[in-house]
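First residue of the sequence shown: 2, per our numbering; consecutive thereafter.
C-beta: ideal position from N, C-alpha, C; glycine also.
Everything numeric in this text was worked out from a predicted model, so none of it was measured.
To start, the structure under review is shown below, and the notes come after it.
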Amino acid sequence: MIDLVPKHLDEKKNDQRWCLTILNHFELLRAISEGATYSDIAAARSITKPRVAQMLGYGFRAVQKYDPSKRFGSDWASSTDWQSFLRENNEDISQAINRSVNAIVTPLQSPLTVQSSVDALNISSRARNYLRGQSLTNIGVLISLSKSELAQIMKIPRGSLSEVIAEVEARGLTFRPDEQDA
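Structure below.
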C-alpha cells in the first residue's frame, strides 16, 4: 500500500499546524493519484470515506490557491470519478502540489524582515485578515506599534492578537515598547 504519511512532515515537526494540515491534504491527493482508494485512505487514517472526500476538496482548493495556472480546484469541470481523474492527471497534479508546497514552506524558512509582508507569518487566516483589514500588511508598520496600540487599533480577538505577537517575536523581531514600560 502507498505510504500515506507526508514526506514533508519529518522536516516540519513543529507548531506550524496549518502548514501540516495542508500538506496532509496534498498527500491525500497524491496518494489517490497514485492508486490508493477512498477505502484504503479511510482505513489507514481511521476516518470515514466522506471525510476523505472532504479533505480532498480542501486539498484541491489549496492547490488552486497556490498554483498560478489555477487548473485544479473546486470550480474545475469535475469528473464523476475523482479517482480516475486524479490518476489521469497524476503528473500535472504532482507538479501543482510541489509548487503549492514550495509556496507554503519557503516563506516559513526564510528570515522575517521589516520589508516582509504579513503573508510570511505562520498565522491563521482569521488573524491575517484582521491585519489586512487594518492595512497592516507590512511587517515594518506592524512592529512600529506597541502591543497595546496593536490591540486598540486592530480590535482583534485576544487569541488572534497573541498568535500574531508570538509569531513575530518567535521570528526574531520585536514590537515598539509600551509607554508605561519605557
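(message) Quick check: the region 114-129 against the region 90-99, are at least 3 beta-carbon pairs closer than 8 Å?
(response) Judged by Cβ distances under 8 Å, the region 90-99 makes no contact with the region 114-129, as fewer than three pairs qualify.
(message) Suppose you measure from the CA of H26 to the CA of Q55; what does that come to, to the nearest Å?
(response) A straight line joining the alpha-carbon of H26 with that of Q55 spans about 9 Å.
(request) Report the option in L87, T114, G58 and R100 whose CA atom is closest to the CA atom of R172. (result) Considering only L87, T114, G58 and R100, the residue with the shortest C-alpha distance to R172 is T114.
(request) Go through its chain and collect everything with a Cβ distance to D16's Cβ below 7 Å, but skip five positions before and after it. (result) Residue placement at D16 is poorly supported in this model, since its pLDDT is 40, which falls under 50; the coordinates still yield a value, given next. Excluding positions up to five away in sequence, the list is empty.
(message) Using a Cβ-based criterion (distance less than 7 Å to any ligand heavy atom), does I42 qualify as near the ligand ZN?
(response) No copy of the ligand ZN occurs in the structure displayed, which carries no ligand at all.
(request) Pull up the distance between the alpha-carbon of L162 and that of A152, whole angstroms please. (result) In a straight line, the C-alpha of L162 is about 7 Å away from that of A152.
(message) The alpha helix (DSSP H) that contains L143, what's its start and end?
(response) Its alpha helix (DSSP H) spans residues I140 to I144.
(request) Starting from the C-beta of L30, find all residues in its chain whose C-beta is less than 8 Å away, skip the five residues before and the five after it, and write them out in chain order. (result) Result list for L30: L57, G60, F61, V64, L87, I94 and I98, in chain order.
(message) Applying the 10 Å Cβ sphere with the 16-neighbour rule, what's the burial state of K44?
(response) As written in the sequence, residue 44 is Ala, which differs from the Lys given in the question. It counts as exposed.
(message) Between the alpha carbons of E168 and S136, how many angstroms are there, rounded?
(response) A straight-line Cα-Cα distance of about 19 Å links E168 and S136.
(request) For S34, name the three-state secondary structure that DSSP assigns. (result) In this structure, DSSP gives S34 a helical state, which the three-state scheme calls helix.
(request) Look at the Cβ atom of I144, then the Cβ atom of R177, and state whether they are nearer than 8 Å. (result) One thing to note: I144 has its Cβ within 8 Å of the Cβ of R177.
(request) With distances taken Cα to Cα, identify the nearest neighbour of N90 among K148, I33, G160 and L174. (result) Selected option, being the one with the closest Cα: I33.
(message) Buried or exposed for S117, going by 16 or more other Cβ atoms inside 10 Å?
(response) It counts as buried.
(request) Tell me where the alpha helix (DSSP H) around N130 begins and ends. (result) In this chain, the alpha helix (DSSP H) harbouring N130 covers S126 to G134.
(message) Along the chain, where does the alpha helix (DSSP H) containing D185 start, and where does it finish?
(response) A question about residue 185 goes unanswered here, because the residues of the chain that appear run from 2 up to 183.
(message) Less than 8 Å between the C-beta atoms of E164 and A128, yes or no?
(response) With respect to the 8 Å criterion, E164 and A128 are classified as neighbours on the basis of their beta carbons.
(message) Buried or exposed for E180, going by 16 or more other Cβ atoms inside 10 Å?
(response) E180 counts as exposed, since fewer than 16 other C-beta atoms from the protein chains shown sit within 10 angstroms of its C-beta.
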